[in-house]
Amino acid sequence: MLNADKQFEILRSGCTEIIEEKELKDKLALGRPLNIKFGADPSAPDIHLGHIVVLDKLRRFGELGHKIIFIIGDFTARIGDPSGRSMTRPVLSKEQITENSKTYQKQIFRILDKKYTQVVHNSRWLEKMSLEEILMLAGTNTVSRMLERDDFKKRFKENIMIRTSEFLYPLLQGYDSVRVEADVEIGGSDQIFNLLMGRTIQQKYEQPPQSVMTLPLLKGLDGEKKMSKSYGNYIGLDEKPEDIYGKVMSASDSLMYEWAQILSFADKDAIKGLDPRSAKAVLAHNISEYICSKDEADGARDHFEKVVVRKGVPEDIKEFFTDESQMPLADLVFAAGGAPSKNRAKQLVEQGAVSLEGEVIKNFRENIRIEDGALLKAGKRFFVKIRKGK
């Protein structure tokens, strides 16, 4: 292992806050692998670009010889993290959470190495807690302490519902730290209350308090709210390279420069001095390569130049088979995979973003006669060839 000072200099880069710096240096000086904790609730099937800020920091810890403990919050997801929320999150079913959890391991190992990463589900211990244990955990804190949180304080003043279970969320996250004996917990800057709660609860259970490291939040594609599965403004790690590349290219210039500053792997020297579109192309390639591979990033760039810039048609067009003789246009776009919902399909049609055999059609109710081999385009990058039959 590198000495503590060198490790600290590598790890502090890009952090918004470290609590406490001296404490973390002392832990690094122990010369043993530290337990580095990060948790994510599977509230949607995708891990996204916003998570990469934290995952990249975890990778640096792992490469320095430390143990990464990635907690999939399959139990806490049933409550929903209230951090930064102006209202209660919708409650997810066990089935939804289980389904969402399935993709997490595959996605995180695009960034992290299995040799230093342990994946655990917090249902393993939280489901087994007795009522007595839950009451003991609840007794470690007070309602007044919970109402110090900006989100709870705001909702309380505005008479917006706060579920009692939401008060339990930071306590359960803190108890996770006890169970995995976390030396360090990493999270976004909006997680500071929950991370500090981990320190408090560890001390109540007679464990040394974890050090806390927070990282900046990445704004989503809307340029306003943080990138989030809940807001639908994210770029998923499991998306196709050309979709990742295209979404980055669709971001505003100001958002692109902000991302370039936050993402440690962005080629800031190459971006500096370029015009916004060229700079965005560099960042889009950086992100696509980091998530996928250089070859796939090169292919995504070529695809974007051909399909979007030169308005060509890709060579590898997928096919959609149907035995219908005709369909309303919005239904056809949705069924063929050109939109995530029928409402979105209607919007695309009304915006003039849908064409059949090169002809733009703006009436989403129009019944389309199914012709074998017809080319359907939706948006800038979706192409499909319609085939008759199953």
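Adding 791 to a residue's 1-based position in the sequence shown gives its number in the numbering used here.
No residue lacks a Cβ here, since even glycine has one placed at the ideal position from N, Cα and C.
Q.
For a quick check, are the C-beta atoms of V1003 and V975 less than 9 Å apart?
A. Yes, they are a contact pair.
(Q) Which of the three DSSP states is assigned to N1188 in this structure? (A) Only positions 792 to 1181 of the chain appear in this structure, which leaves residue 1188 out of reach.
Q | Chain-order list of residues whose beta-carbon lies under 8 Å from that of L1139 (same chain, five-residue window excluded) | A | Closer than 8 Å at Cβ, skipping near neighbours: V1124, G1129, A1130, V1145, A1169, G1170.
Q) Is the segment 1025-1033 touching the segment 1057-1070 in the sense that three or more CB pairs, one from each, lie closer than 8 Å? A) no
Q.
Here's the rule I'm using: 16 or more other beta-carbon atoms within 10 Å means buried, otherwise exposed. How should R1068 be labelled?
A. Exposed, because fewer than 16 other Cβ atoms sit within 10 Å of the Cβ of R1068.
Q. Are P999 and I1053 close, meaning C-beta to C-beta below 9 Å?
A. no
Q: Flag this pair as yes or no: are the beta carbons of D1034 and R1135 separated by less than 9 Å?
A: no
Q | A1057 beta carbon less than 9 Å from that of L1074 | A | yes
Q) Along the chain, which unbroken stretches of the alpha helix (DSSP H) at least 4 residues long are found entirely within the segment 1012-1046? A) 1032-1041
Q | For L1120, the nearest candidate out of E1096, R1160, V1098 (CA to CA) | A | R1160
Q) From this set, F866, I899, E949, which residue's C-alpha is nearest S914's C-alpha? A) F866
Q) A973 and N1158: beta carbons closer than 9 Å? A) no
**Q.** Cβ neighbours of R946 in the same chain (closer than 6 Å, five flanking residues each side left out)
**A.** I953
Q) Helix, strand or coil for K944 per DSSP? A) Reduced to three states, the DSSP call for K944 is helix.
Q) With I843 and I902 assumed to form a contact (beta carbons below 8 Å), what rounded beta-carbon distance in angstroms separates them? A) 7 Å
Q) What whole-angstrom Cβ distance do K1020 and D837 have, given they're in contact under 8 Å? A) 6 Å
Q. Would DSSP call G841 helix, strand or coil?
A. helix
Q.
So, for P961: in the same chain, excluding its five sequence neighbours on each side, which residues have a beta-carbon less than 7 Å away from its beta-carbon?
A. F984, N985, M988
Q) Straight-line CA distance for E808 to L802? A) 12 Å
Q: Find out if the Cβ-Cβ distance for the pair K1071, M1047 is shorter than 9 Å.
A: yes
Q: Please say whether I992 and T955 have beta carbons closer to each other than 9 Å?
A: When the beta-carbon positions are compared, T955 and I992 stay at least 9 Å from each other.
Q. For P833 versus I888, is the C-beta distance shorter than 9 Å?
A. yes
Q.
Quick check on the DSSP output: the beta strand (DSSP E) that includes H1158 runs from which residue to which?
A. In the sequence as displayed, the identity of residue 1158 is Asn instead of His. Taken as a continuous stretch (DSSP letters only), the beta strand (DSSP E) holding N1158 covers 1158-1160.
Q | First through last residue of the alpha helix (DSSP H) which encompasses V1104 | A | No alpha helix (DSSP H) holds V1104; DSSP gives it neither H nor E.
Q) If K1176 sits next to E1110, beta carbons under 8 Å apart, how far is it from one beta carbon to the other, in whole angstroms? A) 5 Å
Q: State the beta-bridge partners of G808 as determined by DSSP.
A: Reading off the sequence, residue 808 comes out as Glu, not Gly. Answer is T1005, bridged to E808.
Q: Pick helix, strand or coil for H1183, following the three-state DSSP scheme.
A: Only positions 792 to 1181 of the chain appear in the structure, and residue 1183 is not among them; the question remains open.
Q: Identify every residue that forms a DSSP beta bridge with G979.
A: L1006
Q: Could you please give the first and the last residue of the uninterrupted beta strand (DSSP E) stretch that includes M1118?
A: That run of the beta strand (DSSP E) goes 1117-1119.
(Q) Bridge partners for I862 per DSSP, in chain order? (A) G830, V911
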